[in-house]
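Trainee:
Residue numbers (the numbering used here): 77 to 332.
1. Residue 82 by DSSP, collapsed to three states: which one?
2. Going by beta-carbon coordinates alone, are residue 118 and residue 204 separated by less than 7 Å?
3. Quick one: what's got a C-beta closer than 8 Å to residue 112's C-beta in the same chain, skipping five residues either side?
4. Comparing C-alpha positions only, which one of 289, 264, 290, 159 sits nearest to residue 197?
5. Just to confirm my understanding: we take residue 227, look at its own chain, exclude 5 residues before and 5 after, and list those with CB closer than 7 Å. What are they?
6. Using three-state DSSP, classify residue 314 as helix, strand or coil.
7. If distances are taken between C-alpha atoms only, which option among 215, 284, 311 comes closest to residue 318?
8. Per DSSP, which one or two residues make a beta bridge with residue 326?
9. Answer with buried or exposed for residue 219, where buried requires no fewer than 16 other C-beta atoms within 10 angstroms of its C-beta.
10. Counting along the chain, where does the beta strand (DSSP E) carrying residue 251 start and finish?
11. Evaluate residue 141 with the Cβ neighbour count: other Cβ atoms within 10 Å of its Cβ, from every protein chain shown; 16 or more gives buried, anything less gives exposed.
12. Rounding to the nearest angstrom, what Cα-Cα distance links residue 180 and residue 271 in this structure?
13. Taking buried to mean at least 16 other C-beta atoms within 10 Å of its own C-beta, is residue 223 buried or exposed?
14. Extract the residue ranges of the alpha helix (DSSP H) inside the segment 203-279, only unbroken runs of 4 or more that lie entirely within it.
15. Can the beta-carbon of residue 106 be found less than 7 Å from the beta-carbon of residue 328?
16. So for residue 158, helix, strand or coil by DSSP?
17. Can you tell me which of 86, 145, 293 puts its alpha carbon nearest to the alpha carbon of residue 320?
18. In whole angstroms, what separates the C-alpha of residue 79 from that of residue 145?
19. Got a sec? Which residues, its chain only, sit under 6 Å from residue 193 by beta carbon, not counting five neighbours each side?
20. Since residue 104 is in the alpha helix (DSSP H), which residue starts that stretch and which ends it?
21. Can you give the Cα-Cα distance for residue 295 and residue 153, rounded to whole angstroms?
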């Protein structure tokens, strides 16, 4: 398996641009992150090049994260902002040579029904999938559990399947997060095998606590065995909160 380090959660004992070298020193081949947008694209690209790492994924702009913003793709009246943010993400993807973009749905605004928000989301995703295809970037959507992110516009696996079926674009795929699936009560292995044709990226963390694989109740030997036997060739993103210093908790890779 090819493991990528999520630099928004791992190596936070270092400044962001220094996390690339730290991940490379620990043997990761790729990196991903929530947001590169605090630094110019060429600066982030240079940090990746200097470390020898591949940037495999990052998110579309979320807005003011500290103020609670999580993107705007499902929000009526924000279509112009959404399109501008996708174009900004494409600029970064080109600079970084990154082939995937997780498109953040955003929170459903007060007074907007879930059905209305989903309709906006589907419309925006259709535009984005085509726009990203022209840039050689695959668009991804990820259902995020409503305990960790209440009000998020994509909070269930069946909803993600419905959205993908409605958009019907080959350049829009599923980001399968084992932690979020477990938090939603899904059978992680069964759903992974069933949805494999839709999946273009995997992320892992254990439950509870969202710490290293093997620290909680998810059967990671079964998860890793399923990934190996499936023929999945993509990246598996380590997107967890280290229980201590990042480098001290990487023993799970030897058991994968």
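Every residue gets a Cβ at the ideal spot worked out from N, C-alpha and C, and that includes glycine. Quick caveat, the model's predicted, so the values are computed rather than measured.
Mentor: Reading from the atomic positions:
1. strand
2. no
3. Cβ within range, chain order: 120, 134, 168, 172.
4. 159
5. 183, 184
6. strand
7. 284
8. Its beta-bridge partners do not exist; DSSP assigns none.
9. Buried is the call here.
10. 248-253
11. If you draw a 10 Å sphere on the C-beta of residue 141, you find fewer than 16 other C-beta atoms in it, and that means exposed.
12. Rounded to the nearest whole angstrom, the CA to CA distance from residue 180 to residue 271 is 20 Å.
13. exposed
14. The DSSP assignment places 233-243, 254-259, 264-271 as complete runs of the alpha helix (DSSP H) inside the segment 203-279, in order along the chain (cut-off: 4 residues).
15. no
16. helix
17. 86
18. 29 Å
19. 150, 184, 229
20. That residue, residue 104, is in no alpha helix (DSSP H); it is neither H nor E in DSSP.
21. Taking the straight line from one Cα to the other gives about 43 Å.
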